[in-house]
Amino acid sequence: MDTDFAGSVSIDQTQIVSLHSEQPRVLQMTDGTVLEAQPLRVENELLVVSGETIDKDFTLDDLTKTDPEDWELGIGYKWTGLVNFAWVLERGNTDTDELDYRLDTTLQGDDDRDTLRFNGEVDEANGVKNADNWTLIAKYDHFLEDRWYWGVLASAEQDEFADLDLRSYFGPYMGRQLLTEPALELEAELGLVWVTEDFLTAPDNEYPGANWNIHAQSNYLGGDSRLYVDHIGIWDLDNG
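Numbered per full-length UniProt numbering, the sequence shown spans residues 1 to 240.
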């Protein structure tokens, strides 16, 4: 809650006995009910609703959002994304050039989410390339209850100096949002994939695999900055 005299104040919901807002609000409940143009009034831990024909009482625990955005009501999607470039030049006994790039974009709906991630690296030492790789991941998530969701993903990657011409995989997974606060968001996913590997010199390969994905991000630094960590793994079930 934002105040003029003390800035932003956080109050445990269990400590709120009464509350009143001067301006009408749109109230979204956990069961999907949306109450239009309602002043936010809480008396004895119950929401006081006027001008609506409803057949149940709402407690403060039933209130999930006030003034939700259109996408939170199932109207359209919210688009977010970031683009990163890092170019590092070092001159000395060994001259090194390093280019890192990343694209991360998400379309968020009220019950689903589309994600596209692309990142890569190109390095040179004394004018000779010694790293050239990229990874592309596309995902679709559909949210269930209690922060669980299921999804499908497809990925492709290439690493010239690891003899990898192309590795691709696709498959379903289950995931859960473990932490959802902006200061620390944490998601974990576990699923099954079919992997196809094409090598430049080694024999090509195909196998079933188990994959996991851990994604964490934070707005700890403030502003529009974001800290993030992605960990992705595949376990070869044929040779496990």
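Positions of the beta carbon are idealized from the N, C-alpha and C atoms, including for glycine.
Nearest CA to the CA of Asn133: which residue from Tyr140, Gly120, Lys139? Here residue 133 refers to the residue found at position 133 when the sequence shown is read from its first residue. Among Tyr140, Gly120, Lys139, the Cα nearest to that of Asn133 is on Gly120.
Along the chain, where does the beta strand (DSSP E) that runs through Trp71 open and close? In the sequence shown, the residue the question calls residue 71 occupies position 71. Note, Trp71: premise wrong, no beta strand (DSSP E); not H, not E.
Cβ pair Thr106, Leu99 closer than 9 angstroms = Along the sequence shown, read from residue 1 onward, the residue named residue 106 stands at position 106. Along the sequence shown, read from residue 1 onward, the residue named residue 99 stands at position 99. It is not a contact, given that the beta carbons lie outside the stated cut-off.
Unbroken beta strand (DSSP E) run spanning Leu178, endpoints:
Locating residue 178 in the sequence shown gives position 178, where the first residue counts as 1. Element bounds for Leu178: 164-181.
Closest Cβ-Cβ distance between Val128 and chain D: below 9 angstroms?
-> Absent from the structure: chain D. Only one protein chain is present.
Item checked: Of the listed residues Leu82, Val83, Pro68, nearest to Gly76 (C-alpha basis) -> Start at 1 with the first residue of the sequence shown, and residue 76 comes out as number 76. Nearest C-alpha to Gly76: Pro68.
Exercise. For Phe170, collect the residues of the same chain with a Cβ closer than 8 angstroms to its Cβ; drop the 5 residues on either side in sequence, then sort them by chain order.
Key: The residue labelled residue 170 in the question sits at position 170 within the sequence shown. Excluding residues within five positions, the ones whose Cβ falls inside 8 angstroms are Val152, Leu153, Ala154, Ser155, Val193, Trp194.
Rounded to whole angstroms, what's the CA-CA distance from Trp235 to Asp114? Just pull it up for me. On the sequence shown, position 235 is the one that residue 235 refers to. On the sequence shown, position 114 is the one that residue 114 refers to. About 25 angstroms.
Check your understanding: Cα separation between Gly74 and Glu197?
Key -> To locate residue 74, count along the sequence shown from 1; it is residue 74. To locate residue 197, count along the sequence shown from 1; it is residue 197. One C-alpha to the other measures close to 39 angstroms.
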